[in-house]
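Here's the structure we're looking at; comments come further down.
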């Protein structure tokens, strides 16, 4: 099911493992600046081998004022606690992704832990060993946040699975047997076994700090108070097609009414705002959360999870006995726009075999289907045999697919024409969606957003599952997503009722929470707030000797940035500290008693940070030192 909430997008697609971070802030930092266990820093500045102070850059998304405040906070903390000067660099998020976060996939080999390691499956975001770098040099970044996948952390192997993980733009080399542990988790036959393996994984990740983990912030969204449907749940937005507007405002219970006697009237428009434009709406190649929201207004994916975190079938149901062979049952009555006909089992098998598993197409989902044997077993049934049992496969979102007409794909498959497929107008304009989504895309204006009209033939009305409100869904005649770069303008549109939903920055939470014209929801979410440090050869100001490559210096960074101070000073208390690759509400979080809680308590401040930094310097062949030494 589609939904407008950012968290829903974060959870519903591994295509969108990468997303630009949060809404902005407008006020000065409160309570920022390092002190920790040593108060105000001290101990001198960190010097380069040439005797100059170490100066590093940190990039943040120019559209996010909150990121700017976080960058300023980090600059103060690293200056006070590590003696490093920080230059703050605003940048367009799309540009950072294209020029800094990705590189030409070259592959190659390197020596890791005394052994030769081969990058045999390079990708643009894991292009090879540290000698393979992006077009532009960078040291630190706040631009990119990643999904921690708390329903099935096995998916996190795309970040940490050694040389051939899918996402490794920072050049992280695990110093524990990450690949072996992920394989062990995949082979586990009970959830308790899976949890035990993940505890070891996440304890190691916390110790090695491949990214400097900062916070998990609530997704704070303001809605039109007359809107019925949003709920303050982790999976807010799964039932978006059942939302409607009720004059007089939603009652305090929120959510969808269970005692509704007849469907509400279909009227008006649902309008949301976004801070960033979409670079593509092609479902085969999109990796952006915002574009995923725009696609989902017109095209459902295979399944979702309801507010109780239970699997809910949309286009297909899934079942298994032991996790090795999964059976997909495609819903009857699904159809594309003319001339493409019905959606059947062959629709998905052709897509998987001829595109995802091909050597030429390089779709966003290619890696998820590597090694999976798919077979049509009936008109509306196919099965997938996995290389190893995976009891939580749906929770990984790996088998989550959009349907694409075979007739549209065949010419590109025959010619192995990836560029043509990426540029196909029917895919970019979602012109094939038939009865498969709640709305029909009318226009995508590349700079200003998307407009839709109600799909009068939406298949969801005819299913037996779900709330009664699905019987005449959706309940708006039109829908829009408007791109407004200015945060002040986005919030103004929410206050005046021009927008029915918009993200709210934490420092404005109280203002909007007290505003009777806006309903505010705090939704825990799985996107983390991280400081990426570039361990590749064009990081650490391009040398000499990138100290980020040493575990000890990454621990120094994590110990120098106070999480409590960051949460109170920038996020106004609307966040939780981030210690390892799971939020604390996850069933797979190991617990603070076994995870190193860098950035809080005894593991925060100049003394502990500099102790770690000196340990890294001792390992370096270059003469970094502190000024007093």
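In the numbering used here, the protein residues as written are 575 to 1203. Glycine is no exception: its CB is placed at the ideal position from the N, C-alpha and C atoms.
By the criterion of a C-beta distance shorter than 8 Å, residue 1128 is surrounded in its chain by 782, 783, 784, 786, 1107 and 1122, once the five residues flanking it on both sides are discounted.
Segment contact: the stretch 1097-1104 against the stretch 733-741, fewer than three CB-CB distances shorter than 8 Å; contact not assigned. In this structure, the straight-line span from the alpha carbon of residue 731 to that of residue 874 is close to 26 Å. Under DSSP, residue 879 forms a beta bridge with 885.
Counting only the Cα atoms, residue 1189 lies some 50 Å from residue 804.
Spatial neighbours of residue 622 in its own chain (CB-CB distance under 7 Å, excluding positions within 5 residues in sequence) are listed in chain order as 628 and 1198. Proximity to residue 852 across 1024, 775, 1155 and 903 peaks at 1024, based on C-alpha coordinates. By the Cβ rule, the stretch 983-1000 does not count as touching the stretch 742-759, because fewer than three pairs are nearer than 8 Å. The beta carbon of residue 1202 is closer than 6 Å to those of 618 in its chain, skipping five residues each way along the sequence. The beta-carbon separation of residue 1044 and residue 816, rounded to 6 Å, stays under the 8 Å limit for a contact. Bounds of the alpha helix (DSSP H) holding residue 1131 are 1125-1134. If only complete runs of 3 or more residues are kept, the stretch 704-778 shows the beta strand (DSSP E) at 718-720, in order along the chain. Residue pairing from DSSP places residue 1014 in a beta bridge opposite 1027. Ranking 861, 1167, 1170 and 990 by CA distance to the CA of residue 721 puts 861 first. Per DSSP, reduced to three states, the secondary structure at residue 700 is strand. Counting every other CB atom within 10 Å of its CB across the protein chains shown gives residue 1071 a total below 16, marking it as exposed. Secondary structure of residue 977 (DSSP, three-state): coil. The residues 904, 950, 954, 955 and 956, in chain order, have a CB closer than 6 Å to that of residue 919 in the same chain once the five nearest residues on each side in sequence are set aside. By the criterion of at least three beta-carbon pairs nearer than 8 Å, the stretch 960-975 is in contact with the stretch 866-883. For the set 1075, 882, 769 and 854, the Cα lying nearest the Cα of residue 843 is the one of 1075.
For the 8 Å CB-CB criterion, residue 850 and residue 667 form a contact. About 30 Å separates the Cβ atoms of residue 1019 and residue 1035, ruling out a contact at the 8 Å cut-off. For residue 929, there is no enclosing beta strand (DSSP E), as DSSP marks it with neither H nor E. Counted as a single uninterrupted DSSP element, the stretch harbouring residue 937 is not any beta strand (DSSP E), since DSSP gives it neither H nor E. Less than 8 Å separates the beta-carbon of residue 648 from that of residue 1135.
Residue 711 and residue 1112 do touch by the CB rule: their CB atoms are close to 4 Å apart, below 8 Å. Distance from residue 929 to residue 916 at the Cβ level is roughly 20 Å; contact not present, criterion being Cβ atoms closer than 8 Å. Residue pairing for residue 620: DSSP places it in a beta bridge opposite 1200. Look at residue 851 here: in three-state DSSP terms it is coil, with no helix or strand label.
Using a 10 angstroms sphere on the CB of residue 882, the tally of other CB atoms stays under 16, which defines it as exposed. Linking residue 746 to residue 1133 through their CA atoms gives a straight-line distance of about 19 Å.
For residue 1087, the three-state secondary structure derived from DSSP is helix.
Between the alpha carbons of residue 1118 and residue 866 lies a distance of about 41 Å. The beta-carbon separation of residue 1056 and residue 847, rounded to 5 Å, stays under the 8 Å limit for a contact.
For the pair residue 1157 and residue 978, the CB atoms are not nearer than the 8 Å cut-off.
Using a Cβ distance threshold of 8 Å, residue 1013 and residue 1026 count as a contacting pair.
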